[in-house]
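Accompanying notes for the structure given below.
In our numbering, the protein residues as written are 991 to 1073.
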């Protein structure tokens, strides 16, 4: 679940270096048969697109620079539902 969510997050926020590092760490943990949780609020705030709908890089990547926060969040949710 954690790995799938992280891979999805990269499709929404591909330039996020903290997210790339998190994905690599999760992949290593899973390969070693280790747990990927717990996490921290700080890590979630820097890597979880559902908590970063306001980020200009995400908005630009989605082509939603001039829409409401709710519309950006809804688009991220729609993409996750279809991932």
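All C-beta atoms, glycine included, are put in the ideal place defined by N, C-alpha and C. Everything numeric in this text was worked out from a predicted model, so none of it was measured.
Residue range of the unbroken alpha helix (DSSP H) whose run includes residue i
| i | result |
| --- | --- |
| residue 1003 | First-last for residue 1003: undefined, no H or E at that position. |
| residue 1041 | Neither: residue 1041 is in no alpha helix (DSSP H) and is coded neither H nor E. |
| residue 1071 | 1059-1071 |
| residue 1033 | 1031-1037 |
Residue i versus residue j: straight-line alpha-carbon distance, rounded
| i | j | result |
| --- | --- | --- |
| residue 1025 | residue 1003 | 24 Å |
| residue 1033 | residue 1007 | 12 Å |
| residue 996 | residue 1058 | 24 Å |
| residue 1050 | residue 1039 | 13 Å |
CB-CB length for residue i against residue j, believed under 8 Å
| i | j | result |
| --- | --- | --- |
| residue 993 | residue 1037 | At roughly 13 Å, the Cβ-Cβ gap does not stay under 8 Å, so residue 993 and residue 1037 are not in contact. |
**Asked** Is it true that the region 1043-1051 meets the region 1062-1069, where meeting means three or more beta-carbon pairs spaced less than 8 Å apart?
**Response** yes
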